[in-house]
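Novice: Just dropping this structure here.
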Amino acid sequence: MSRADETAPSPLPQARPAFRLDPIGVLLGLAPAGFVAWRLLLPERPATDTGPRALADAAFAPTFWAYLLVVGSGVGYTVLRLVRFETDSAADHLRFGIPIGLALLGFIPFFLGLAGFLYPGPLMAALGLAGLLVGPAARLAVGDFLSLLRGLARLERSPRNWLLAAVYAVLAFSALALALSPPTGYDDLWYHLEGPRLFLRAGRVYPEPHNWPANYVFLVDMLYVFPLALRNDTVPRLLHAVFAVIVLTSGYSLGRVYVPALAWVIPAAMLTMGQLPSLATQAGTDFAVASFELLGLEQVVRHIRDGRPLNLPLLGLCLGLGLATKATSAAGAAAIAGVLAVYLGGRMVRAGFRAVPFTPGELLAGLAVGLAVVLPWYVKNWLWFGHPLFPYAGEAADAETRLRMQLLIDYVTNGYGLPRTLPDLLSLPVATFADPVRFGLAAPPAALVVLAPFALFLGRRPPTELLGFVGLRIGIWVFSSQQMRFLVSALVVAAVLLVTALGRANPPRVRRILGEGAVWAAFVLAAYIALIYGRVTLSLQMWSVIAGFESKEGYLTRVLPGFQALRFMGGLPPESRVLLVGDARHYYCPPTCWPEADQFTWTRLAMLADFDPERLVGDLRAMGITHILVSRPDVVFLSSHDPGGWFGRSVKFLYEELGPRCLSAVFVDRASEVYELTCPR
268 MSRADETAPS
278 PLPQARPAFR
288 LDPIGVLLGL
298 APAGFVAWRL
308 LLPERPATDT
318 GPRALADAAF
328 APTFWAYLLV
338 VGSGVGYTVL
348 RLVRFETDSA
358 ADHLRFGIPI
368 GLALLGFIPF
378 FLGLAGFLYP
388 GPLMAALGLA
398 GLLVGPAARL
408 AVGDFLSLLR
418 GLARLERSPR
428 NWLLAAVYAV
438 LAFSALALAL
448 SPPTGYDDLW
458 YHLEGPRLFL
468 RAGRVYPEPH
478 NWPANYVFLV
488 DMLYVFPLAL
498 RNDTVPRLLH
508 AVFAVIVLTS
518 GYSLGRVYVP
528 ALAWVIPAAM
538 LTMGQLPSLA
548 TQAGTDFAVA
558 SFELLGLEQV
568 VRHIRDGRPL
578 NLPLLGLCLG
588 LGLATKATSA
598 AGAAAIAGVL
608 AVYLGGRMVR
618 AGFRAVPFTP
628 GELLAGLAVG
638 LAVVLPWYVK
648 NWLWFGHPLF
658 PYAGEAADAE
668 TRLRMQLLID
678 YVTNGYGLPR
688 TLPDLLSLPV
698 ATFADPVRFG
708 LAAPPAALVV
718 LAPFALFLGR
728 RPPTELLGFV
738 GLRIGIWVFS
748 SQQMRFLVSA
758 LVVAAVLLVT
768 ALGRANPPRV
778 RRILGEGAVW
788 AAFVLAAYIA
798 LIYGRVTLSL
808 QMWSVIAGFE
818 SKEGYLTRVL
828 PGFQALRFMG
838 GLPPESRVLL
848 VGDARHYYCP
858 PTCWPEADQF
868 TWTRLAMLAD
878 FDPERLVGDL
888 RAMGITHILV
898 SRPDVVFLSS
908 HDPGGWFGRS
918 VKFLYEELGP
928 RCLSAVFVDR
938 ASEVYELTCP
948 R
């Protein structure tokens, strides 16, 4: 099928037959041995070390990150050729190839782990083999990247472009500093890094009894196994930042479909989401999920608006990768499926089954590709725990497990956002900006407020496919977990809608005066966010730890609340066992930490003991618990996301009933308290 300009998009060129060795492939195949030798000669510096050795760590991270990008892009380009992805744009090749290839690399440690070979040697050998096989495709990806850089260099040197470049440069500098500094993100230290590290220590992927999130669908998290196997924990942050860039560029690409002249406003508007650079440089998966949702949506939009063939295998792959990374991606998949179903239904009403733009074979191929990516993760949980969505569904083996599931489900589904009543739902748009703590600390992009009045101009030829996606995606979000980071894809599409409306504003004088004012207001907000991050980067002196002027331990003591208490716990007698209250960040925990990484262990124990101090002390002694750590900032946060009130009651019980009888403070700082359990059994 031809495009609007009567030209046919071209498939990825085949540089040479896949079975022939390529010099680039040989280099990529041998590189892992070089990285292993590098780490043997210059291993990761100890947490207390300073000095120039830190520069070797700082150099290793971007070098290994770049290697993974090249191999991942080679894998992605190979897959794009297999699913017959057609485009003439180097940027489109990269936008689809890089995230798809990186995610697929996560299957290597996953399958090695299931087979019991999750060790650095097999991991690096398998990674090198992948690099060897995709050498020709990787060469194409590098060529496309260089072509893209040359295209950027030829952009008009207008004041607007110079100002945009300055904003992006400041944010890139800050993001790089964040990513290369020791990880501090809560979920990173809870399971995004801790889960893969547990599997590496065991040499296999197994049903983890203590850190439940490690049992989730975990595709992109397993990608992080590669740098962790070489004792590096900053490359995962750089990798997640790549997915964030894909999200921003996908917003720009969608904007090009509807309002080409103003598409540049969309990524700038998204940068007015204050937490975006911070979330993007955590070792998480939220932007990976959002990128796959947006890439899948773009396939549907391009078919509806430009008449491009609907590539169902590619659509199934994008949605499958999202579902294999995080179950919350089901909301995005359902929204895209809903949009596509309504569009196809309309065509069939007008022209019957002849209007269906694909054959049954193509539909089966799309389903097969998606299921092939998704099923290994959910079948694993089904076999291990009796339900593919454990711990959010399924039967508990005992009362304690049932209570643990109940507390977790209640916290995730009811602990965030507003009650699901009509008045609260009507106030939701205002509440997301006025009280971001309710939604997990992140607020939507501030530029959406500036652009919102232009929504009045969407009434004429509205982009119903985008409206449908936003409506369905937000609707599912409202009735699931109202955490703002789960809504990134919908926020991007909302920005596309509002910028599209801005481009349609009438009369032209309104568009020229008010429209330009709104655009520059959005730009000023983005510049303000960039200045804040630049200032934070300098004030926190992140480059001091990266360059070795400060130890990792010193940096974490300054930046991470509660780290000093962990250092204190490391000096306790080896037979000590410390139970964490309100804190599940086990990544930096010394061996004295009780192994269960659960925010509600204390609450569950108090409930099972019927809030009886004597019974609870007996249970704690039976577990070998000798100390209790209370993380005050986490207690405050969890108390504000406590729909059943049980967490707050258990903390009150600790301070008012158990504390005076059986606890003696042995460490107190600005963020934490460590108590010794003094009562006998």
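Here my numbering is used: the first residue of the sequence shown is 268, the next is one more, and so on. Just so it is clear, CB atoms sit at the ideal spot from N, CA and C, and this is done for glycine as well.
What are the start and end residues of each continuous alpha helix (DSSP H) run of 4 or more residues lying completely inside the region 815–899, in chain order?
Specialist: For the region 815–899, whole alpha helix (DSSP H) runs of length 4 or above, ordered along the chain, are 819–826, 830–837, 868–875, 880–890.
Novice: Between Val902, Ala938, Pro880, His908, which has its C-alpha nearest Glu923's C-alpha?
Specialist: Here the question's residue 923 lines up with position 656 in the sequence shown. When each option's Cα is compared against that of Glu923, the closest is Pro880.
Novice: Please classify Glu461: does DSSP put it in a helix, a strand, or coil?
Specialist: Within the sequence shown, the letter at position 194 stands for residue 461. Note: Glu461 maps to helix in three-state DSSP.
Novice: Gly891 to Leu839, Cα distance in whole Å?
Specialist: On the sequence shown, residue 891 is found 624 positions in, with the first residue counted as 1. On the sequence shown, residue 839 is found 572 positions in, with the first residue counted as 1. If I take the Cα positions, the gap works out to 14 Å.
Novice: Below 8 Å on the Cβ atoms is my contact criterion, and I expect Val791 with Gly518 to pass it. Report the Cβ-Cβ distance as a whole number of Å.
Specialist: The sequence position of residue 791 within the sequence shown is 524, counting from 1. The sequence position of residue 518 within the sequence shown is 251, counting from 1. Contact doesn't hold; Cβ gap of about 19 Å is too wide.
Novice: Assess contact between the region 353–362 and the region 438–454, defined as three or more Cβ pairs (one per stretch) separated by less than 8 Å. Is contact present?
Specialist: With the cut-off at 8 Å, the region 353–362 and the region 438–454 do not touch.
Novice: Identify whether Val623 lies in helix, strand or coil by the three-state DSSP scheme.
Specialist: Within the sequence shown, numbered from 1, the residue matching residue 623 stands at position 356. Correct three-state label for Val623: coil.
Novice: Determine the DSSP secondary structure at Ala932, reduced to helix, strand or coil.
Specialist: Here residue 932 refers to the residue found at position 665 when the sequence shown is read from its first residue. The answer is strand: DSSP assigns Ala932 an E or B state.
Novice: Using the Cα positions of Pro480 and Leu438, report the straight-line distance between them to the nearest angstrom.
Specialist: Along the sequence shown, read from residue 1 onward, the residue named residue 480 stands at position 213. Along the sequence shown, read from residue 1 onward, the residue named residue 438 stands at position 171. Each residue's alpha carbon lies about 31 Å from the other.
Novice: Does Phe753 come within less than 9 Å of chain C when only Cβ atoms are used?
Specialist: Annotation note: the requested chain C is absent from the structure, which comprises a single protein chain.
Novice: I'd like the span of the beta strand (DSSP E) that includes Val484, first residue to last.
Specialist: Reading the sequence shown from its first residue, position 217 is the one you call residue 484. Careful: Val484 lies outside any beta strand (DSSP E) and carries neither H nor E.
Novice: Mapping DSSP to helix, strand and coil, what is Tyr942?
Specialist: Along the sequence shown, read from residue 1 onward, the residue named residue 942 stands at position 675. Reduced to three states, the DSSP call for Tyr942 is strand.
Novice: Would you mind listing the alpha helix (DSSP H) stretches within the region 299–376 that are 4+ residues and don't spill past its ends, in chain order?
Specialist: DSSP runs (the alpha helix (DSSP H)) wholly in the region 299–376: 320–349, 357–372.
Novice: Just checking, does the region 505–523 make contact with the region 892–908 on the three C-beta pairs under 8 Å criterion?
Specialist: No, they do not touch.
Novice: What would DSSP say about Thr673, mapped onto helix, strand or coil?
Specialist: For the purposes of this step, residue 673 is taken as residue 406 along the sequence shown, with counting starting at 1. The sequence as given places Gln at residue 673; Thr does not occur at that position. Gln673 falls in the helix class under three-state DSSP.
Novice: In angstroms, rounded to a whole number, what distance separates the CA positions of Phe363 and Cys585?
Specialist: Here residue 363 is taken as the residue at index 96 of the sequence shown, counted from 1. Here residue 585 is taken as the residue at index 318 of the sequence shown, counted from 1. Roughly 9 Å separates the two Cα atoms.
Novice: Quick one, which of Ala397, Ala392, Phe384, Ala622 has its alpha-carbon nearest Leu371's?
Specialist: Numbered from 1 along the sequence shown, position 104 holds the residue referred to as residue 371. The shortest C-alpha separation from Leu371 is found at Ala397.
Novice: I'd like to check one pair, Leu733 with Val763: are the Cβ atoms closer than 9 Å?
Specialist: On the sequence shown, position 496 is the one that residue 763 refers to. On the sequence shown, position 466 is the one that residue 733 refers to. In contact: Val763 and Leu733 (Cβ atoms closer than 9 Å).
Novice: Could you check what DSSP says for Val924 in three-state terms: helix, strand or coil?
Specialist: One-based indexing of the sequence shown puts residue 924 at position 657. Here residue 924 is Glu; the residue named in the question, Val, does not match the sequence. Three-state DSSP puts Glu924 in a helix.
Novice: Buried or exposed: where does Arg669 fall if 16 or more other Cβ atoms within 10 Å of its Cβ makes it buried?
Specialist: Taking the first residue of the sequence shown as position 1, residue 669 is located at position 402. Classification of Arg669: exposed, given that the 10 Å Cβ count is below 16.
Novice: Which runs of the alpha helix (DSSP H), 4 residues or longer, sit entirely within the region 676–707?
Specialist: 689–693, 695–701, all fully within the region 676–707.
Novice: When the Cα atoms are used, what is the spatial distance from His507 to Val616?
Specialist: Here residue 507 is taken as the residue at index 240 of the sequence shown, counted from 1. Here residue 616 is taken as the residue at index 349 of the sequence shown, counted from 1. For His507 and Val616, the distance between alpha carbons rounds to 43 Å.
Novice: Could you check how far apart the C-beta atoms of Phe510 and Ala436 are, in whole angstroms? I think they sit under 8 Å.
Specialist: Along the sequence shown, read from residue 1 onward, the residue named residue 510 stands at position 243. Along the sequence shown, read from residue 1 onward, the residue named residue 436 stands at position 169. Contact doesn't hold; Cβ gap of about 20 Å is too wide.
Novice: So Trp787 is in the alpha helix (DSSP H); what residue range does that whole segment cover?
Specialist: Your numbering for residue 787 matches position 520 in the sequence shown. It spans 783–806 - the alpha helix (DSSP H) in which Trp787 sits, taken as one unbroken run.
Novice: Under 8 Å by Cβ, that's how I've got Lys819 and Val812 pegged, so tell me the actual separation to the nearest angstrom.
Specialist: On the sequence shown, residue 819 is found 552 positions in, with the first residue counted as 1. On the sequence shown, residue 812 is found 545 positions in, with the first residue counted as 1. Between Val812 and Lys819 the Cβ distance is about 6 Å, and since that is below 8 Å, they are a contact.
Novice: For the alpha helix (DSSP H) containing Arg771, name the first residue and the last one.
Specialist: In the sequence shown, counting from the first residue as 1, residue 771 sits at position 504. Careful: Arg771 lies outside any alpha helix (DSSP H) and carries neither H nor E.
Novice: Here's the rule I'm using: 16 or more other beta-carbon atoms within 10 Å means buried, otherwise exposed. How should Ala660 be labelled?
Specialist: Your numbering for residue 660 matches position 393 in the sequence shown. Exposed, by the Cβ-count rule.
Novice: Looking only at its chain, what residues have a beta carbon closer than 8 Å to the beta carbon of Gly563, apart from the 5 residues adjacent to it on each side?
Specialist: In the sequence shown, counting from the first residue as 1, residue 563 sits at position 296. Here the set comprises Leu582, Cys585, Leu586, Gly589, Gly599, Ala600, Ile603.
Novice: Do Met836 and Val848 have their CB atoms nearer than 9 Å?
Specialist: Numbered from its first residue, the sequence shown carries residue 836 at position 569. Numbered from its first residue, the sequence shown carries residue 848 at position 581. No; because the gap between Cβ atoms is not below 9 Å, this pair is not in contact.
Novice: Contact between the region 326–342 and the region 490–504 is defined here as three or more beta-carbon pairs at a separation below 8 Å; is this criterion met?
Specialist: They touch, by the three-pair rule.
Novice: Tell me the rounded alpha-carbon separation between Pro284 and Ala393.
Specialist: Translated into the one-based positions of the sequence shown, residue 284 becomes position 17. Translated into the one-based positions of the sequence shown, residue 393 becomes position 126. Reliability of the predicted coordinates at Pro284 is poor, the pLDDT of 46 falling under 50, and no value is obtained from them.
Novice: Once DSSP output is grouped into helix, strand and coil, what is the label at Pro426?
Specialist: Translated into the one-based positions of the sequence shown, residue 426 becomes position 159. Helix.
Novice: Buried or exposed: which applies to Gly296, given that a residue is buried once 16 or more other Cβ atoms fall within 10 Å of its Cβ?
Specialist: Start at 1 with the first residue of the sequence shown, and residue 296 comes out as number 29. The residue in question, Gly296, is buried, as its Cβ has 16 or more Cβ neighbours within 10 Å.
Novice: Restricting to Cα atoms, I'd like to know which of Gly541, Val786, Leu430, Ala664 is closest to Tyr800.
Specialist: Taking the sequence shown and counting its residues from 1, the one referred to as residue 800 is at position 533. That would be Gly541, whose Cα lies nearest to the Cα of Tyr800.
Novice: Please say whether Phe706 and Ala714 have beta carbons closer to each other than 9 Å?
Specialist: The count along the sequence shown starts at 1 and reaches residue 714 at position 447. The count along the sequence shown starts at 1 and reaches residue 706 at position 439. Cβ distance not < 9 Å, so Ala714 and Phe706 don't count as in contact.
Novice: Exposed or buried, which one is Ala271 when buried takes at least 16 other CB atoms within 10 Å?
Specialist: In the sequence shown, counting from the first residue as 1, residue 271 sits at position 4. Caution is warranted here: a pLDDT of 44 is assigned to Ala271, below 50, making its placement in the model unreliable, and the coordinate value is therefore given only provisionally. Exposed is the call here.
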